Amino acid sequence: PASSQPAGQPPASSQPAPPPSPTVGAPVKPQAIAVYNPEGKGDNAARAKYAIDGKAETQWRTEQYKQQFPAIKPGVGLVVTFKDPINLSQVLVSGGTAGTKVEIRSATEKNPDLADTKVVGNGDLKDGDTTIPLAQPTQGEYFIVWITQLGGADEEFQTEIADLTFLPAG
């Protein structure tokens with residue numbers, strides 16, 4: 021019997037299934053957080069703790085810049101330290117400034133040279149919550165949320181982050 025499938029069209033069953041959503045475990049709270057600023061100082065170092073306090077009403081923010089990154093420096097970020105290495109799968113950024121571009125980087129120490137870190141995920145922040153999945157779960161004790169483009173416009177470039185949640189592979 022002749023197939024009813026149009027010529028040149030593969031059967032629907034041969035289409036690859038979409039990858040399953042990665043399962044994640046319970047959030048793991050970092051032991052410490054600090055501003056990561058290899059090209060300078062500042063960017064509200066005393067407020068870094070607010071990015072992991074679990075409170076939407078407190079936040080860390082960058083300085084306000086008249087020029088977009090990388091005109092002044094390649095970026096700025098937050099480095100987190102975990103008591104024990106975790107197998108990180110996703111980072112949830114809550115209360116981030118829309119238009120901000122971030123990379124999730126793994127590091128082998130708390131204050132590495134940027135060139136010694138590895139990009140393991142990236143995303144663009146939107147209003148509300150933004151989940152940034154890693155390309156694959158990454159084992160580590162140190163991770164950096166690295167801002168490569170600030171939110172804002174017209175010589176008022178700044179990014180704010182209310183909370184960071186770190187989700188290990190399930």
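Each residue of the sequence shown is one higher than the last, beginning at 21 in the working numbering. Beta carbons are placed, not taken as given, at the ideal position from N, Cα and C, and that holds for glycine. Computed from a predicted structure; not experimentally measured.
Quick one: measure Cβ to Cβ for residue 144 and residue 121, integer angstroms, because I've assumed they're closer than 8 Å.
Looking up residue 144 in the sequence shown gives position 124. Looking up residue 121 in the sequence shown gives position 101. That belief holds up - the Cβ atoms of residue 144 and residue 121 are roughly 5 Å apart, short of 8 Å.
Mind checking which residues open and close the beta strand (DSSP E) that includes residue 153?
In the sequence shown, the residue the question calls residue 153 occupies position 133. Residues 149-169.
Given a threshold of 16 other Cβ atoms within 10 Å of its Cβ, counted over all protein chains shown, does residue 183 qualify as buried or as exposed?
Taking the sequence shown and counting its residues from 1, one reaches residue 183 at position 163. Buried, because 16 or more other Cβ atoms sit within 10 Å of the Cβ of residue 183.
Mind pulling the beta strand (DSSP E) runs of 3 or more residues that sit fully within the segment 36-88?
You should have 52-56.
Does the beta-carbon of residue 188 have 16 or more other beta-carbons within 10 angstroms, so that it is buried, or is it exposed?
Indexing the sequence shown from 1 puts residue 188 at position 168. That one is buried.
Are the CB atoms of residue 123 and residue 93 within a distance shorter than 7 Å?
The residue labelled residue 93 in the question sits at position 73 within the sequence shown. The residue labelled residue 123 in the question sits at position 103 within the sequence shown. Their beta carbons are not under 7 Å apart, which means residue 93 does not touch residue 123 by this criterion.
Whole-number beta carbon distance between residue 99 and residue 70, since they are thought to touch under 8 Å
Locating residue 70 in the sequence shown gives position 50, counting from the first residue. Locating residue 99 in the sequence shown gives position 79, counting from the first residue. The pair is not a contact, with the Cβ atoms about 15 Å apart (cut-off 8 Å).
Span of the beta strand (DSSP E) around residue 123
As a first step, residue 123 is located in the sequence shown; it is residue number 103 there, counting from the start. Looking at the DSSP string, the run of the beta strand (DSSP E) that includes residue 123 is 121-127.
From this set, 44, 135, 86 and 76, which residue's C-alpha is nearest residue 164's C-alpha?
Walking along the sequence shown from the start, residue 164 turns up at place 144. Checked all of 44, 135, 86 and 76; the closest Cα to residue 164 is 135.
Rounded to a whole number of angstroms, what is the C-alpha to C-alpha distance between residue 54 and residue 104?
As a working note, residue 54 is residue 34 in the sequence shown. As a working note, residue 104 is residue 84 in the sequence shown. Whole-angstrom Cα-Cα distance: 17 Å.
Rounded straight-line distance, which links the Cα of residue 95 to that of residue 171
Taking the first residue of the sequence shown as 1, we reach residue 171 at position 151. Taking the first residue of the sequence shown as 1, we reach residue 95 at position 75. Between residue 171 and residue 95, the C-alpha separation is close to 12 Å.
Which residues in the same chain have their Cβ closer than 6 Å to the Cβ of residue 114, if we skip the five residues on either side of it in sequence?
Stepping through the sequence shown from its first residue, residue 114 is reached at position 94. The residues 149, 182 and 183, in chain order, have a CB closer than 6 Å to that of residue 114 in the same chain once the five nearest residues on each side in sequence are set aside.
Beta-carbon contacts of residue 147 that lie in its chain and below 6 Å, excluding the five residues immediately before and after:
As a position in the sequence shown, residue 147 is number 127, starting the count at 1. Hits under 6 Å: 118.
Does the distance from the CB of residue 167 to the CB of residue 97 come in under 7 Å?
As a working note, residue 167 is residue 147 in the sequence shown. As a working note, residue 97 is residue 77 in the sequence shown. The answer is yes: Cβ separation under 7 Å.
Here's the rule I'm using: 16 or more other beta-carbon atoms within 10 Å means buried, otherwise exposed. How should residue 180 be labelled?
For the purposes of this step, residue 180 is taken as residue 160 along the sequence shown, with counting starting at 1. Looking at its Cβ environment, which holds 16 or more other Cβ atoms inside 10 Å, residue 180 is buried.
Going by C-alpha to C-alpha distance, which of 45, 50 and 82 sits closest to residue 177?
Residue 177 sits at position 157 when you count from the first residue of the sequence shown. When only C-alpha atoms are compared, the closest one is 82.
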